[in-house]
Structure formats: C-alpha cells, structure tokens
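Peer 1: Starting off with a structure, shown below.
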Amino acid sequence: MNVLVVAPHPDDDAIGCGGTICLHAERGDRVTVVFLTSGELGLKHLPREEARRIREQEAERAGEVLRVSSISFLRYPDWYLNTCVDAAAFTLGPILSREAPELLYLPHEHETHPDHRASLSIVRAALAVAKGERPTLLTYEVWTPLPDYYHVENVTLVMRTKLAAIRCHASQTVQLPYSRAVVGLNLYRGATAGACTYAEIFQTASVQ
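This note's numbering applies: residue 9 is where the sequence shown begins, and numbers increase by one.
Right, dumping it as structure tokens:
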C-alpha cells in the first residue's frame, strides 16, 4: 500500500501519526511524507535559510527512525499557508499523482494553528488536479484534540520509536518538552478509545 502523510511543519507528522507511520512501515507499506513548510518560525532567532536547514535535517533524521520511504519539503511560508493554498496545491499535485496513495494522513481542520487548518484545503485542491484514484483521507490531531474519531490505531508496541522520532526535533523539544503531552494524549486515547496502552485516533475527511 502507498501511504502519504501531509505535515504543515517538521514534527507534526511524528506527533500526530508517528506510531501509525511505524506500523505502516512494518507492514511493508511505502510511506511518503510531504512537509508544506519547513517550520522556520520555530527558530525565529536564526536567519530563515539556517532555520530551514536545521529543521529539515531534523525531519530527515526522524524519517529514518520512522522508516519513511521518501520526504519532500515544499518550503511554503511558515504560518502563512492560507495565503498560498493554490500554489501549494499546484506543487503537491504531481507528488500525489506519482505516489498514488491509497491513504492520506493530514491534520484535522479544527486545529488551532492556521497552517494546520489550511492543510485540508491544500490537499483538496491538489486532489482536484492530480491523476489517479482518490485516497481515503484520515485526519490526525497535533495541538488540538479531535472531538470524535473514526479510526483507532494501537501504537503501544511502537511508542518508543515514535518518541525517538520526536526527540530528533531537538531544536523544538528543547524549547517545549512536548513529548510529555504526546505521551499523555496517546495514553488517554489508549484508555478511552483503543482498549490498549497507547493509541492514535483519526477522523475521516471528504475529498471535496
């Protein structure tokens, strides 16, 4: 199976569906991750190109931990994705056509971060012009918990790997040790939704 993960910034993929990415890789699925921005505002004290370089290197290291097959950086402006939906969709479209994913993961549309919210519009616009079958869209939670869910993934056996991937984003975790929040949320999802120790949950989204 071909799987594509859309992440607005480096680390969103590991936070929201890092365990699920691990499980896909273990099943032999091809997992491609596309970063819409390089998260340069996460290092505001550095020149933009230097911040991009650091965050992209961290994302590549995390991808190796998660056993991602391919990574793309579209480098649209951090925090301003809603101003370049058409341009980002134009760039994403050929990747969708090439990878032909059956499953596509992206942040849910009610996330508080504007780039997270813009991701669904970008994906929908890209799918409108991409060739091939339409994938199933599953949305994940990063900073804003989902109010309900369609699918639960038991990530207990790969939680250690997920946390190792998150730690690869050292420039961010040194500022905010959010791995604690990830553990707490995945514990909560495991207890209330997955009947397991750690779980990630997903909601479906329409392609239009």
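C-beta: ideal position from N, C-alpha, C; glycine also.
If you're wondering where the values come from, they're calculated on a predicted model, not measured in any experiment.
Please specify which runs of the alpha helix (DSSP H), each continuous and at least 4 residues long, are wholly inside the stretch 26-76, giving them in chain order.
Peer 2: If we require 4 residues or more, the alpha helix (DSSP H) runs fully inside the stretch 26-76 come out as 56-74.
Peer 1: Run through DSSP, which three-state label would residue 109 get?
Peer 2: Taking the first residue of the sequence shown as position 1, residue 109 is located at position 101. Coil at residue 109, not helix or strand.
Peer 1: Take residue 160 as the anchor and find which of 102, 28, 14 and 78 has the nearest alpha-carbon.
Peer 2: Here residue 160 is taken as the residue at index 152 of the sequence shown, counted from 1. Of the candidates 102, 28, 14 and 78, the one whose C-alpha sits nearest the C-alpha of residue 160 is 28.
Peer 1: Do you know how far the Cα of residue 109 is from the Cα of residue 139?
Peer 2: Taking the first residue of the sequence shown as 1, we reach residue 139 at position 131. Taking the first residue of the sequence shown as 1, we reach residue 109 at position 101. Going from the Cα of residue 139 to the Cα of residue 109 covers about 11 Å.
Peer 1: Would you decide whether residue 26 is buried or exposed? Buried here means 16 or more other CB atoms lie within 10 Å of its CB.
Peer 2: Position 18 of the sequence shown, counting from 1, holds the residue named residue 26. With 16 or more other Cβ atoms within 10 Å, it is buried.
Peer 1: Hey, could you find the ends of the beta strand (DSSP E) residue 148 is sitting in?
Peer 2: Taking the first residue of the sequence shown as 1, we reach residue 148 at position 140. Residues 144-148.
Peer 1: Between the stretch 199-210 and the stretch 148-167, can you find at least three pairs of beta-carbon atoms closer than 8 Å?
Peer 2: Flag = yes, the stretch 148-167 and the stretch 199-210 touch.
Peer 1: Please confirm whether residue 14 and residue 191 have their CB atoms less than 9 Å apart.
Peer 2: Here the question's residue 14 lines up with position 6 in the sequence shown. Here the question's residue 191 lines up with position 183 in the sequence shown. For residue 14 and residue 191, no; Cβs fall outside 9 Å.
Peer 1: Can you tell me where the beta strand (DSSP E) with residue 211 in it begins and where it stops?
Peer 2: Translated into positions along the sequence shown, residue 211 becomes position 203. Per DSSP, residue 211 belongs to the beta strand (DSSP E) from 207-213.
Peer 1: Which class does residue 128 belong to by DSSP, given the choice of helix, strand or coil?
Peer 2: Translated into the one-based positions of the sequence shown, residue 128 becomes position 120. Three-state result, residue 128: helix.
Peer 1: The alpha helix (DSSP H) with residue 203 in it runs from where to where?
Peer 2: Your numbering for residue 203 matches position 195 in the sequence shown. Neither: residue 203 is in no alpha helix (DSSP H) and is coded neither H nor E.
Peer 1: Nearest-angstrom Cα distance between residue 107 and residue 179?
Peer 2: One-based indexing of the sequence shown puts residue 107 at position 99. One-based indexing of the sequence shown puts residue 179 at position 171. In a straight line, the C-alpha of residue 107 is about 30 Å away from that of residue 179.
Peer 1: For the alpha helix (DSSP H) holding residue 193, just list the boundary residues, first then last.
Peer 2: Translated into positions along the sequence shown, residue 193 becomes position 185. Segment 187-197, the alpha helix (DSSP H) holding residue 193.
Peer 1: Do residue 124 and residue 20 count as a contact pair if the criterion is CB distance below 9 Å?
Peer 2: Your numbering for residue 20 matches position 12 in the sequence shown. Your numbering for residue 124 matches position 116 in the sequence shown. Yes, Cβ-Cβ distance for residue 20 and residue 124 is below 9 Å.
Peer 1: Kindly indicate which three-state DSSP category residue 13 falls into: helix, strand or coil?
Peer 2: Sequence index remark: in the sequence shown, residue 13 carries index 5 (1-based). Strand, per DSSP.
Peer 1: Who are the near neighbours of residue 126 in its chain, counting only those whose CB is closer than 7 Å to its CB and skipping five residues on each side?
Peer 2: In the sequence shown, counting from the first residue as 1, residue 126 sits at position 118. Counting only Cβ-Cβ distances below 7 Å, and skipping sequence neighbours, we find 89, 90 and 93.
Peer 1: Alpha carbon to alpha carbon, how far is residue 67 from residue 105? Give it in angstroms, no decimals.
Peer 2: If you number the sequence shown from 1, residue 105 lands on position 97. If you number the sequence shown from 1, residue 67 lands on position 59. One C-alpha to the other measures close to 23 Å.
Peer 1: Please report the distance separating the alpha-carbon of residue 36 from that of residue 76.
Peer 2: Indexing the sequence shown from 1 puts residue 36 at position 28. Indexing the sequence shown from 1 puts residue 76 at position 68. If you take the alpha carbons of residue 36 and residue 76, they lie about 11 Å apart.
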